[in-house]
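Protein sequences, first through last, are from chains Y and C. If you read the first sequence in our numbering, its first letter stands for residue 12, the second for the next number, and so on. If you read the second sequence in our numbering, its first letter stands for residue -16, the second for the next number, and so on. Glycine residues also receive a C-beta, built at the ideal position from the N, C-alpha and C atoms. Predicted, not measured: the structure shown is a model, and the values here were computed from it. A quick write-up on the structure given underneath.
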Amino acid sequence: MILTGKVWKYGDDVDTDVIIPARYLNTSVPEELAKHCMEDIDETFATNVKSGDIIVAEDNFGCGSSREHAPIAIKASGVSLIIANTFARIFYRNSINVGLPILECAEAVEDIKAGDELEVNIETGVIKNLTKNNEYQANGFPEFMKEIIDAGGLVNYARENWGKK
Amino acid sequence: MSMTMVEKIIAAHAGKEKVKPGDLVAVDLDLVLGNDVTTPMAVNEFKKIGFNDVYDKNRIAIVPDHFAPNKDIKSAEQCKIIREFSYEKEIKNYFEIGEMGIEHCLLPEKGLVLPGDIIIGADSHTCTYGAFGALATGIGSTDMAVGMATGKAWMKVPETIKFTYTGKLNKWVGGKDLILYTIGDIGVDGALYKAMEFTGEVVDNLSMAGRMTMSNMAIEAGGKCGLIEPDETTFEYIKDIAQRDYKVYKSDKDAKYVKCYEYDVSKIEPQVAFPHLPENTRGISEVGDIKIDQVVIGSCTNGRLEDLRLAAEVLKGKKKAKHIRLIVFPGTQKIYLDAVKEGIIETLINAGAAVSTPTCGPCLGGHMGVLAKGERAVSTTNRNFVGRMGHPESEVYLANPAVAAASAIMGKIAGPEEVM
């Protein structure tokens, strides 16, 4: 799958409390969560983000809470992909489980600026920066995780593989 | 071949002789946990899986504790979803208001978390149960749903980092200070994707409450879990309450650690984590003059009887500063009642504290103590991210219950020595 979009750039330790503040966790409706996505660090995000846009961040993206509302808010806001140096582990799991593509690529994070246009091949991990005419290679997923992604998320995988007792 | 505690627990639950860091395996779960924020989403996913029943009615725990007692209509609807699901699926360990508590204080008290277990919880502080020598880790709602349906989860075997604490603890220094100091040293991603193992004579001498405080904040260093080897203290805690048989796993003497840290605790004073990350720690003597508006004592980190006892020791016969809102929330009904019987609650109320029924409310800016723009709180909770306890321009300083109590008296961040 090829994804294209404009970059929103953030720094280290973007935590789940700023991705979706707890005051909005009294609902699980994706569209409602998306309205408040990132608002405590970037008030412009929720109103200006376009379908397909890409978040690029530095270390430890998604640290903090286990709230699946975080990747869901990002996905529902229209973001097609997150690229970071590293992801916090629960956020990493949750993203795979809900089908939000994520890639780890320090080389890309260092070079990409806010507003750059990217074209990304999720299967190969090749990230093209159309604005700068540069190309970067992201780390691939282990085979086991690919199976979950290919199944369309953990729910489908579990139904097929961990079926009835 | 030698293995660490975590590797042994995973191998046993994956039906394998041996696992090594990096292996991806499916494991059998001993307990699956969720709360009122994460479970409604899990209930939705559970329905998509298409199973009628949960894998084991006795091995699921559902606790409405975050926005409960219901803070608004939307929260009431969320709690209703999980209540109805729990009754329909005959979940044994659903805890209604009046019997509930903050999940990570409550489940140990009920004998539901035991040595050698693998526990997943749709709450990041599930790692608390590492204090019992269990592999307990936070996951999201989808993992919870699949766990409830199949009793399984996928796991990557983590590398283990060993933390050894030796020396004599200073007065007013406890589990909270040890873990804050450690996070200050290694950073909020210092244990990313890894298991933390806490060991040494200091940990051996900690109570279960102090151990749970340490394991609770493993996630604040990015850790998957934070384990402590079970010993007499552990067995004494669970001997009359354990709901199941359990098995003890210990790291081999020659087990491989990816890194080892050693701390001489005699050099550690009470710690304060400055906004907006738990790694921004300083010793109490280096804090300076920081005026505050609110003090919160409680939570899954420091809401146990020992924590309240410590706060009462500092506040006995004294008053909070006039402008301070001092909010105390015991972790469970049992802790609350024990604190009443011991006279702790009377001491706290006489000092000017508002004492709340158990809830996670103030810790995550949900209800019962939300901060306004520009306000500052000293809190015994676990996170001080931007907007964590309220307005994005409010500030949270993390500390132990004795520092929090002293700060309430002084109206600024202060150590217990300043008021005793």
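By the 10 Å Cβ neighbour count, where 16 or more other Cβ atoms means buried, how is I159 of chain Y classified, buried or exposed?
Result: buried.
Based on DSSP bridge pairs, tell me the residues matched to L114 of chain Y.
L114 of chain Y is bridged to Y:I94.
From what residue to what residue does the alpha helix (DSSP H) around S390 of chain C run?
Segment P384 to M393, the alpha helix (DSSP H) holding S390 of chain C.
Under the DSSP definition of a beta bridge, which residues are partnered with L210 of chain C?
Per DSSP, the beta bridge partners of L210 of chain C are C:E180.
In whole angstroms, what is the alpha-carbon distance linking F85 of chain C and S69 of chain C?
Residue identity differs from the one stated: residue 85 of chain C is Ile in this sequence, not Phe. A straight-line Cα-Cα distance of about 18 angstroms links I85 of chain C and S69 of chain C.
Relative to the C-alpha of V367 of chain C, which candidate in C:K356, C:G348 and C:A385 has its C-alpha closest?
First, the residue type needs correcting, since residue 367 of chain C is Asn and not Val in the sequence shown. Of C:K356, C:G348 and C:A385, the residue nearest in Cα terms is C:G348.
Check whether chain Y comes within 7 angstroms of P23 of chain C, counting only Cβ atoms and requiring the distance to be less than that.
At least one C-beta of chain Y is nearer than 7 angstroms to the C-beta of P23 of chain C.
Tell me which residues share the same chain as H47 of chain Y and place their Cβ nearer than 8 angstroms to its Cβ, disregarding the 5 neighbours each side in the sequence.
These residues qualify, in order along the chain: I31, P32, Y35, A57 and A84.
Beta-carbon proximity of F115 of chain C to T216 of chain C, cut-off 7 angstroms:
No, the pair does not count as a contact, with Cβ atoms beyond the cut-off.
Tell me whether K176 of chain Y sits in a helix, a strand or coil according to DSSP, three-state version.
Per-residue confidence for K176 of chain Y stands at a pLDDT of 45, beneath the threshold of 50, marking its modelled position as unreliable; no derived number is given.
Reduced DSSP secondary structure (H/G/I, E/B, other) of Y220 of chain C:
In the structure shown, Y220 of chain C sits in a helix (DSSP, three-state: H, G or I).
Nearest to L7 of chain C (by Cα), restricted to the options Y:D53, Y:V29, Y:F152 and Y:A162
Residue Y:F152 is the option with its Cα nearest to L7 of chain C.
Which of the three DSSP states is assigned to L141 of chain Y in this structure?
Residue state, collapsed to three classes: coil.
Kindly identify the DSSP beta-bridge partner or partners of A119 of chain C.
Its beta-bridge partners are C:I102.
Taking Cβ-Cβ distances shorter than 7 angstroms, what residues in chain C pair up with L97 of chain Y?
It is worth fixing the name first, because residue 97 of chain Y is Thr in this sequence and not Leu. Within chain C, the residues near T97 of chain Y are D172 and L175.
Out of Y:R170, Y:E134, Y:V120 and Y:I93, point me to the one whose CA is closest to G16 of chain Y's CA.
It is Y:I93.
Output the residue ranges of the alpha helix (DSSP H) runs that lie fully inside the segment 33 to 63 of chain Y and measure 4 residues or longer, sorted by chain position.
Within the segment 33 to 63 of chain Y, the complete alpha helix (DSSP H) runs of at least 4 residues are 41 to 45 and 56 to 59.
Could you tell me the distance, in whole angstroms, from the CA atom of T22 of chain C to the CA atom of S268 of chain C?
Roughly 43 angstroms between the two C-alpha positions.
Shorter than 7 angstroms from the beta carbon of A87 of chain Y to some beta carbon of chain C?
With 7 angstroms as the cut-off, A87 of chain Y does not count as an interface residue toward chain C.
Going straight from the alpha carbon of I97 of chain C to that of I13 of chain Y, what length do you get?
As written in the sequence, residue 97 of chain C is Leu, which differs from the Ile given in the question. Answer to the nearest angstrom: the Cα atoms are 47 angstroms apart.
May I ask you to list the residues that DSSP assigns as paired with I56 of chain C?
The partner list for I56 of chain C (beta bridge, DSSP) is empty, contrary to what the question assumes.
If we count the other Cβ atoms within 10 Å of its Cβ and call it buried at 16 or more, is V15 of chain C buried or exposed?
Answer is buried; the Cβ neighbour count reaches 16.
Expressed to the nearest angstrom, what Euclidean distance is found between the alpha-carbon atoms of V8 of chain Y and K20 of chain Y?
Beyond the ends of chain Y as shown, which are 12 and 176, falls residue 8 of chain Y; an answer cannot be given.
Between K157 of chain Y and chain C, is any beta-carbon pair separated by less than 7 angstroms?
It does not: the Cβ of K157 of chain Y has no partner Cβ on chain C nearer than 7 angstroms.
So C283 of chain C is in the alpha helix (DSSP H); what residue range does that whole segment cover?
For C283 of chain C, the uninterrupted alpha helix (DSSP H) segment begins and ends at S282 to N285.
Rounded to the nearest angstrom, what separates E245 of chain C and F146 of chain C at their Cα positions?
Just so you know, the alpha carbons of E245 of chain C and F146 of chain C end up roughly 6 angstroms apart.
How should I224 of chain C be labelled, buried or exposed, when 16 other C-beta atoms within 10 angstroms of its C-beta is the threshold for buried?
Counting C-beta atoms within 10 angstroms of its own C-beta, I224 of chain C has fewer than 16 neighbours from the protein chains shown and is therefore classed as exposed.
Checking 7 angstroms against the spacing of the C-beta atoms, do T149 of chain C and G173 of chain C come in under that value?
At least 7 angstroms separates the beta-carbon of T149 of chain C from that of G173 of chain C.
Measuring alpha carbon to alpha carbon, tell me which residue in C:K250, C:T264 and C:S249 is nearest A256 of chain C.
Among C:K250, C:T264 and C:S249, the Cα nearest to that of A256 of chain C belongs to C:T264.
Which two residues bound the contiguous alpha helix (DSSP H) that contains N105 of chain Y?
Under the DSSP assignment, N105 of chain Y falls in the alpha helix (DSSP H) whose first and last residues are R100 to V109.
Let me see if you follow: with CB-CB separation under 7 angstroms, is A169 of chain Y close to chain C or not?
Yes, A169 of chain Y counts as interfacial toward chain C.
From which residue to which residue does the beta strand (DSSP E) around I45 of chain C run?
I43 to V46 is the extent of the beta strand (DSSP E) around I45 of chain C.
Can you give the Cα-Cα distance for K274 of chain C and K124 of chain Y, rounded to whole angstroms?
Roughly 39 angstroms between the two C-alpha positions.
Identify each residue in the segment 34 to 48 of chain Y for which the Cβ-Cβ distance to at least one residue of chain C is less than 8 angstroms, and report them in chain order.
Per Cβ criterion, the list reads R34, L36, N37, T38 and S39.
For L288 of chain C, does the three-state DSSP call read helix, strand or coil?
In the structure shown, L288 of chain C adopts helical secondary structure according to DSSP, grouped into three states.
Any C-beta of chain Y within less than 8 angstroms: which residues of the segment 7 to 23 of chain C qualify?
Correct list: L7, A9, V20, T21 and P23.
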